[in-house]
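Enquirer: Numbering (mature numbering (1 follows the signal peptide of the UniProt record, and there is no 0)), first residue to last: -21 to -1, 1 to 229.
Glycine included, each C-beta is placed from N, C-alpha and C at the ideal position.
Computed from a predicted model, the values in this text were never measured in an experiment.
Supplied in structure tokens, the structure appears directly below.
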């Protein structure tokens, strides 16, 4: 009986060794990052219609199936007044939209691209007309850091939820970028309050679900207009924040 057991164990061991040698474990490959080339003119005339174009690739492949491509535009010092324009998908890896500028000034055009579980948001500066008509406002705006003016190279894009209702769970997602690459391993917290309802501020921590993408969930107990401020810090001394308003309905 003992001899039979030893023969069985020896045979089993040989089978295991054979399986290990014959089947190599495949290495996990991380997806290639999105590359987005933003094309906008550096200088334009007031009320001149311009084309904005984003060329999206992943490695050698043209990305024609992006989930979302939007152009965000704001005047220097007035990030809180930015406007979003949805891009047209040309089905060849390019996405386009048009815009005009109503007065002289310095503006930023930033494209937000979400595709294949990744997000990137390069930006460029556009000088309109003389570019100096609102220089005074621009200087004042740099002191107003609480309303969306960030350090050079840092970018934040809050995917503001729609049709938010009381007593229903809602997802908060924000994309962070530094020097046009996803900002990873940051600490992201959502501060939520409504002074008409309570003096209490709720704090909700977000989790990084993919490079530079942070998400969490929250339930508003009552309808009303809530302030949501996103706080971002990391071990390199970064400290940024941006405030938004969310309307909660019954």
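1) Assign residue 154 to one of two classes, buried (16 or more other C-beta atoms within 10 Å of its C-beta) or exposed (fewer than that).
2) If you run the structure through DSSP and keep just helix, strand and coil, what is residue -19?
3) Would you say residue 98 and residue 191 are within 9 Å of each other, going by their C-beta atoms?
4) Have a look at residue 28 and residue 72 and give me their C-alpha separation to the nearest angstrom.
5) I'd like to check one pair, residue 221 with residue 138: are the Cβ atoms closer than 9 Å?
6) Anyone know if the C-beta pair for residue 30 and residue 74 falls short of 9 Å?
7) Straight-line CA distance for residue 121 to residue 61?
8) Using a Cβ-Cβ cutoff of less than 6 Å, which residues in the same chain neighbour residue 168 once the five nearest sequence positions on both sides are dropped?
9) Cβ atoms of residue 107 and residue 17: under 9 Å apart, would you say?
10) Tell me which residues share the same chain as residue 150 and place their Cβ nearer than 8 Å to its Cβ, disregarding the 5 neighbours each side in the sequence.
11) Tell me where the beta strand (DSSP E) around residue 177 begins and ends.
12) Using the rule of at least 16 other Cβ atoms within 10 Å of the residue's Cβ for burial, across every protein chain shown, is residue 198 buried or exposed?
13) Is residue 94 near residue 44, with beta carbons less than 9 Å apart?
14) Since residue 144 and residue 228 are thought to touch, with beta carbons under 8 Å apart, how far apart are those beta carbons, to the nearest angstrom?
15) What are the boundary residues of the beta strand (DSSP E) that residue 36 is part of?
16) Quick one: give me the first and last residue of the beta strand (DSSP E) that residue 199 is part of.
17) Would you tell me roughly how many angstroms separate the C-alpha atoms of residue 176 and residue 203, rounded to the nearest one?
18) Counting only the same chain and skipping the five closest in sequence on each side, list residues whose C-beta sits under 6 Å from that of residue 187.
19) Within 10 angstroms of its Cβ, does residue 12 collect 16 or more other Cβ (buried), or is it exposed?
20) I'd like to check one pair, residue 224 with residue 207: are the Cβ atoms closer than 9 Å?
21) Within the same chain, show all residues whose beta-carbon is closer than 6 Å to that of residue 102, passing over the 5 residues directly before and after it, in chain order.
Expert: On the basis of the supplied data:
1) Taking the first residue of the chain shown as position 1, residue 154 is located at position 175. It counts as buried.
2) Residue mapping note: residue -19 aligns to position 3 of the chain shown, counting from 1. For residue -19, the predicted model reports a pLDDT of 47, less than 50, meaning its position is unreliable; a value from the coordinates is still stated below. Reduced to three states, the DSSP call for residue -19 is helix.
3) The count along the chain shown starts at 1 and reaches residue 98 at position 119. The count along the chain shown starts at 1 and reaches residue 191 at position 212. Less than 9 Å divides the Cβ of residue 98 from the Cβ of residue 191.
4) Taking the first residue of the chain shown as 1, we reach residue 28 at position 49. Taking the first residue of the chain shown as 1, we reach residue 72 at position 93. Taking the straight line from one Cα to the other gives about 23 Å.
5) Here residue 138 is taken as the residue at index 159 of the chain shown, counted from 1. Here residue 221 is taken as the residue at index 242 of the chain shown, counted from 1. It is not a contact, given that the beta carbons lie outside the stated cut-off.
6) Position 51 of the chain shown, counted from the first residue, corresponds to residue 30. Position 95 of the chain shown, counted from the first residue, corresponds to residue 74. Their beta carbons are not under 9 Å apart, which means residue 30 does not touch residue 74 by this criterion.
7) Translated into the one-based positions of the chain shown, residue 121 becomes position 142. Translated into the one-based positions of the chain shown, residue 61 becomes position 82. Model confidence at residue 121 stands at a pLDDT of 41, short of 50, so the residue's coordinates are unreliable; what they give is reported in the following sentence. Here the alpha carbon of residue 121 sits roughly 15 Å from the alpha carbon of residue 61.
8) For this step, residue 168 is matched to residue 189 along the chain shown. Only 182, 184 and 210 meet the Cβ criterion.
9) If you number the chain shown from 1, residue 17 lands on position 38. If you number the chain shown from 1, residue 107 lands on position 128. No, Cβ-Cβ distance for residue 17 and residue 107 is not below 9 Å.
10) Locating residue 150 in the chain shown gives position 171, where the first residue counts as 1. Sequence-distant Cβ neighbours of residue 150 in its own chain, meaning closer than 8 Å and more than five residues away, are 140, 194, 195 and 196.
11) As a working note, residue 177 is residue 198 in the chain shown. Going by DSSP, residue 177 is part of no beta strand (DSSP E) at all; its letter is neither H nor E.
12) Position 219 of the chain shown, counted from the start, is the residue given in the question as residue 198. Classified as exposed, residue 198 has fewer than 16 neighbouring CB atoms from the shown chains inside 10 Å of its CB.
13) Against the chain shown, residue 94 aligns to sequence position 115. Against the chain shown, residue 44 aligns to sequence position 65. Against a cut-off of 9 Å, the Cβ pair of residue 44 and residue 94 comes out as a contact.
14) Taking the first residue of the chain shown as 1, we reach residue 144 at position 165. Taking the first residue of the chain shown as 1, we reach residue 228 at position 249. Contact flag correct, Cβ pair sits at about 5 Å.
15) For this step, residue 36 is matched to residue 57 along the chain shown. Here the beta strand (DSSP E) through residue 36 covers 29 to 37.
16) One-based indexing of the chain shown puts residue 199 at position 220. Premise fails: residue 199 is in no beta strand (DSSP E) and is neither H nor E.
17) Your numbering for residue 176 matches position 197 in the chain shown. Your numbering for residue 203 matches position 224 in the chain shown. Between residue 176 and residue 203, the C-alpha separation is close to 8 Å.
18) Against the chain shown, residue 187 aligns to sequence position 208. If we look at residue 187 and ignore the five residues flanking it on each side, its Cβ neighbours are 193.
19) Numbered from its first residue, the chain shown carries residue 12 at position 33. When all chains shown are included, residue 12 counts as exposed.
20) Position 228 of the chain shown, counted from the first residue, corresponds to residue 207. Position 245 of the chain shown, counted from the first residue, corresponds to residue 224. Between residue 207 and residue 224, the C-beta spacing is below 9 Å.
21) Within the chain shown, residue 102 is the residue found at index 123, counting from 1. So the list reads 87 and 89, once near-sequence residues are dropped.
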